[in-house]
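**Student:** Residue numbers (the working numbering), protein chains in the order written: chain A, 942 to 1000; chain B, 441 to 670; chain C, 25 to 276; chain D, 2 to 240. Even for Gly, the Cβ is constructed at its ideal location relative to N, Cα and C.
#1: How is residue 107 of chain D classed by DSSP in three states: helix, strand or coil?
#2: What does residue 245 of chain C touch in chain B if you count any residue whose Cβ is under 9 Å from its own?
#3: Taking only three categories from DSSP, how would you classify residue 559 of chain B?
#4: Cα-Cα, which of B:528, B:530, B:575, B:529 is closest to residue 550 of chain B?
#5: Please classify residue 88 of chain C as buried or exposed, where buried requires at least 16 other C-beta atoms within 10 Å of its C-beta.
#6: So, using beta-carbon positions, are residue 168 of chain D and residue 229 of chain D closer together than 8 Å?
#7: Where do the N-terminal and C-terminal ends of the alpha helix (DSSP H) with residue 156 of chain D fall, by residue?
#8: When burial is assigned at 16 or more other CB atoms within 10 Å of the CB, is residue 210 of chain C buried or exposed?
#9: Could you name the residues of chain C that residue 191 of chain D contacts, counting a contact when the two beta carbons are closer than 7 Å?
#10: Taking Cβ to Cβ, would you say residue 200 of chain D is nearer than 8 Å to residue 56 of chain D?
#11: For chain D, find out if any of its Cβ atoms is closer than 8 Å to the Cβ of residue 558 of chain B; answer yes or no.
#12: Report the option in B:506, B:509, B:528 whose CA atom is closest to the CA atom of residue 728 of chain B.
#13: Just to make sure I have the definition right: I need the residues of chain A whose C-beta is within less than 8 Å of the C-beta of residue 138 of chain C. Which are they?
#14: Would you report the Cα separation of residue 122 of chain D and residue 35 of chain D, rounded to the nearest angstrom?
#15: With a Cβ-Cβ cutoff of 8 Å, do residue 187 of chain C and residue 956 of chain A count as a contact?
#16: Going by beta-carbon coordinates alone, are residue 106 of chain D and residue 641 of chain B separated by less than 8 Å?
#17: Can you have a look at residue 969 of chain A and say buried or exposed, based on whether 16 or more other CB atoms are within 10 angstroms of its CB?
#18: Give the secondary structure of residue 474 of chain B by DSSP, where H, G and I count as helix, E and B as strand, and everything else as coil.
#19: Closer than 8 Å, Cβ to Cβ, to anything on chain A: give me those residues from the stretch 76-88 of chain C, in chain order.
#20: If you measure between the beta carbons of residue 183 of chain C and residue 233 of chain D, is that distance less than 8 Å?
#21: The alpha helix (DSSP H) that contains residue 460 of chain B, what's its start and end?
#22: Quick one, which of B:622, B:602, B:661 has its alpha-carbon nearest residue 637 of chain B's?
#23: Roughly how many whole angstroms lie between the Cα atoms of residue 62 of chain C and residue 222 of chain C?
#24: Taking residue 192 of chain D and residue 219 of chain D to be in contact with their CB atoms under 8 Å, please state how far apart those CB atoms are, rounded to whole angstroms.
#25: Could you name the residues that DSSP lists as bridge partners for residue 612 of chain B?
#26: When you check each C-beta in the stretch 103-124 of chain D against every C-beta of chain B, which residues fall closer than 7 Å?
#27: Going by DSSP in three states, residue 162 of chain C sits in which element: helix, strand or coil?
#28: Please classify residue 524 of chain B: is it buried, with 16 or more other beta-carbons within 10 angstroms of its beta-carbon, or exposed?
#29: Jot down the residue ranges of each uninterrupted alpha helix (DSSP H) in the stretch 86-170 of chain C, minimum 4 residues, whole runs only, in chain order.
#30: With distances taken Cα to Cα, identify the nearest neighbour of residue 83 of chain C among C:134, C:108, C:57, C:50.
#31: Relative to the alpha-carbon of residue 131 of chain D, which residue among D:239, D:28, D:44 has its alpha-carbon at the smallest distance?
#32: With 7 Å as the C-beta to C-beta threshold (strictly closer), list the residues of the stretch 457-470 of chain B near chain C in chain order.
#33: Kindly list, in the order they appear in chain B, the residues whose Cβ is closer than 9 Å to that of residue 100 of chain D.
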């Protein structure tokens, strides 16, 4: 398996890996952003739960 | 004017307006939290409460403009949602703002409001209504140049005509109807609401004034209700 | 009917959590198989040589752009008719992924066009419709972010997407009409190369990979949206209460 | 005095004449527009100015101007209509009359249809009627000017209808007018393509009737569906 030939994609490496690269970058970016959004939402809800518990210790 | 003998409206079976478990949320704030009430023909529900306590939201909900998040509004046992077509011929809603076009004169605004409600009346009746509320000599003045009290009186003229019209709307939903009215205006309003209830109508009024129709009025303070729940 | 109980956000939240790893695994497996088939097994195209392999991500992305928009329209109909909050949240969860797939379809289409037809942008009917579809996505995202009241934003967005989805076929037809008017029917710019069976398989598997990926991401995003909608709610209606039962604070 | 009260004319219940809502709303908006003529004239002035900018920008040689004429006039018409869309509901929303319209005994779709037609009469139709005059600047022949006018007469109602959906959805939203453009312009594309395309085909003397009939079809379809969509959008915005 001649990796050099594979990556050159008969000299159109830029277009090939430009597309696949953009795809991978977009997917990775979206995954990280969504996870961050989830973490932030959980953190904020967690704080409010704590605040609620603190206000009414004896339930 | 002595209580006129105008009682040409056939006394329909007692209408009832009931709200059960009404709830409204705006974003994360709960505006109306589990409110229930019931009023029948000839009765008025006076909504008290500080600003932002949900008076306007409750009235808009009864008018069918705002959808409750929970609970249901019943007119003679029928849920409001199913009634939406006929509901608009049952309820007359006067909002916090005066619903007047600044580019129309007082008379034109009255005629416009009536035409929207599908009521076609002789101009003479409209003039009579304007005279009754003391706007007859200012009827050609653009609404833009009328004072707040005068604008409010156009609303009273609508109520006056609604009373005398054959298709009398049984339910009045009034949001601060007397604000910016002078004492004479308040007297006029009290007379109109008295006649409306006398004819078996129902009214739901958000106001901070003590209206002397206490005999037929139930009060609900929206503030206390909210405190109670929390 | 047990399924119906999952239409409430609080019941759906833990279910979505359980489904995410499964769909993520499926997406990864299909992606690996699809890429392997596409890049290593599929033969060279006699005309376009190697660069045609961009088709294995360009076509699935274009399909997903359309499928996600139609799925949003379907959720929109449910949001407006059944007034269920969850379907509106699913719409909001799907929209960014749909927009990204549309942008990727345009990007990969341009990069495929340059070596093959000499221009990055050839105003081809399909590509132009995809561009307009991107405008529709951007319109939806702009609308729901401009309206503060979430309830109104949901319903307004649902109505916009329903109106948009009715217009998509009309837009496609008018663009195709316009394209043939100006370029003549002879040049069908993106005539995809003759498809060997293996190529079709590779593209199909990549499409499934994109589809399962989209489900995974929108389930994760909808969970975040459910939590965001719970913030600040008065204690008695705190949905998080039930969520805290699934030790939300522990970040499960 | 009570005598006059009882002699009030008796009208049958409005519910049986839902279509009167169309007339009531249209007459109302027409009278309002007559009171503030400025708005309609502004849109017309904007249309004239924008169209006249292009020869200044591109140069006077008539061959090129003639080629781009349909596109320029049509895009200018699109943008002029776009400018007047927010006003369709915003004024009534601000002074509270929109709620009264929504609570009128007449069904909301008929009232909305009346408002859309009134809006078209105030903006779309004048643009279409004026367009042949502007086409002269671009050296269009009389036949082509006629097609331009007809295509705009057929197309501008759809601009008002789709625009009404956008205006209703963005009612009272901060920065609503730009958002409105973002929502509405993509949906205008088919009308733009068929409208401008008809004039271009007329210029190269190809049969343009197909484009015009497609425009006509869109007007009819939109005419049936759009009032209900706008009514739904208004109910959402007034919630």
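**Tutor:** According to the data block:
#1: Numbered from 1 along the fourth chain, position 106 holds the residue referred to as residue 107 of chain D. Assignment of residue 107 of chain D by DSSP, reduced to helix, strand and coil, places it in the coil class.
#2: Counting from 1 along the third chain, the entry for residue 245 of chain C is found at position 221. Under a criterion of Cβ atoms nearer than 9 Å, no residue of chain B is adjacent to residue 245 of chain C; the nearest Cβ is some 20 Å distant.
#3: Counted from its first residue, the second chain places residue 559 of chain B at position 119. The DSSP-derived three-state label of residue 559 of chain B is coil.
#4: Along the second chain, one-based indexing puts residue 550 of chain B at 110. Restricting attention to B:528, B:530, B:575, B:529, the CA atom closest to the CA of residue 550 of chain B is found in B:575.
#5: Numbered from 1 along the third chain, position 64 holds the residue referred to as residue 88 of chain C. The residue is buried, with at least 16 neighbouring Cβ atoms inside 10 Å.
#6: Numbered from 1 along the fourth chain, position 167 holds the residue referred to as residue 168 of chain D. Numbered from 1 along the fourth chain, position 228 holds the residue referred to as residue 229 of chain D. Taking 8 Å as the Cβ cut-off, residue 168 of chain D and residue 229 of chain D do not qualify as a contacting pair.
#7: Mapped onto the fourth chain, residue 156 of chain D falls at position 155. From DSSP, the alpha helix (DSSP H) with residue 156 of chain D extends over 143-170.
#8: Against the third chain, residue 210 of chain C aligns to sequence position 186. Caution is warranted here: a pLDDT of 46 is assigned to residue 210 of chain C, below 50, making its placement in the model unreliable, and the coordinate value is therefore given only provisionally. Looking at its Cβ environment, which holds fewer than 16 other Cβ atoms inside 10 Å, residue 210 of chain C is exposed.
#9: Looking up residue 191 of chain D in the fourth chain gives position 190. Simply 194, 195, 198.
#10: The residue labelled residue 200 of chain D in the question sits at position 199 within the fourth chain. The residue labelled residue 56 of chain D in the question sits at position 55 within the fourth chain. Cβ atoms of residue 200 of chain D and residue 56 of chain D: not closer than 8 Å.
#11: The count along the second chain starts at 1 and reaches residue 558 of chain B at position 118. So yes, residue 558 of chain B belongs to the interface.
#12: In the structure displayed, chain B extends from 441 to 670; residue 728 of chain B sits before or after that span and is not available.
#13: Here the question's residue 138 of chain C lines up with position 114 in the third chain. The answer, in chain order, is 956.
#14: Translated into the one-based positions of the fourth chain, residue 122 of chain D becomes position 121. Translated into the one-based positions of the fourth chain, residue 35 of chain D becomes position 34. Straight through space, the alpha carbons of residue 35 of chain D and residue 122 of chain D are spaced by roughly 12 Å.
#15: Within the third chain, residue 187 of chain C is the residue found at index 163, counting from 1. Within the first chain, residue 956 of chain A is the residue found at index 15, counting from 1. Going by beta carbons, residue 187 of chain C and residue 956 of chain A fall outside the 8 Å limit.
#16: For this step, residue 106 of chain D is matched to residue 105 along the fourth chain. For this step, residue 641 of chain B is matched to residue 201 along the second chain. No. Outside cutoff.
#17: What you label residue 969 of chain A is simply residue 28 of the first chain in a count that begins at 1. Only exposed fits residue 969 of chain A, as fewer than 16 other CB atoms lie within 10 angstroms of its CB.
#18: Here residue 474 of chain B refers to the residue found at position 34 of the second chain. In the three-state scheme derived from DSSP, where H, G and I count as helix and E and B as strand, residue 474 of chain B is classed as strand.
#19: For chain A, the residues of the stretch 76-88 of chain C that bring a beta carbon within less than 8 Å of one of its beta carbons are 77, 78, 81, 82, 85, in chain order.
#20: Here residue 183 of chain C refers to the residue found at position 159 of the third chain. Here residue 233 of chain D refers to the residue found at position 232 of the fourth chain. Taking 8 Å as the Cβ cut-off, residue 183 of chain C and residue 233 of chain D qualify as a contacting pair.
#21: Locating residue 460 of chain B in the second chain gives position 20, counting from the first residue. Residue range 456-466 is occupied by the beta strand (DSSP E) that includes residue 460 of chain B, with no alpha helix (DSSP H) assigned at that position.
#22: Along the second chain, one-based indexing puts residue 637 of chain B at 197. Closest option to residue 637 of chain B, Cα to Cα, is B:602.
#23: Reading the third chain from its first residue, position 38 is the one you call residue 62 of chain C. Reading the third chain from its first residue, position 198 is the one you call residue 222 of chain C. Between residue 62 of chain C and residue 222 of chain C, the C-alpha separation is close to 8 Å.
#24: For this step, residue 192 of chain D is matched to residue 191 along the fourth chain. For this step, residue 219 of chain D is matched to residue 218 along the fourth chain. Between residue 219 of chain D and residue 192 of chain D the Cβ distance is about 6 Å, and since that is below 8 Å, they are a contact.
#25: On the second chain, position 172 is the one that residue 612 of chain B refers to. According to DSSP, which records beta bridges pairwise, residue 612 of chain B is partnered with B:532, B:643.
#26: Flagged, chain order: 103, 104, 105, 106, 107.
#27: By one-based count along the third chain, residue 162 of chain C stands at place 138. Residue 162 of chain C: helix per DSSP, three-state reduction.
#28: Taking the first residue of the second chain as position 1, residue 524 of chain B is located at position 84. Residue 524 of chain B should be labelled exposed.
#29: Within the stretch 86-170 of chain C, the complete alpha helix (DSSP H) segments of 4 residues or longer fall at 109-141, 149-170, listed in chain order.
#30: Mapped onto the third chain, residue 83 of chain C falls at position 59. Of C:134, C:108, C:57, C:50, the residue nearest in Cα terms is C:134.
#31: In the fourth chain, the residue the question calls residue 131 of chain D occupies position 130. Measuring from the Cα of residue 131 of chain D, the nearest candidate turns out to be D:44.
#32: Correct list: 466, 467, 468, 470.
#33: As a working note, residue 100 of chain D is residue 99 in the fourth chain. Simply 500, 503, 505, 533, 535, 537, 539.
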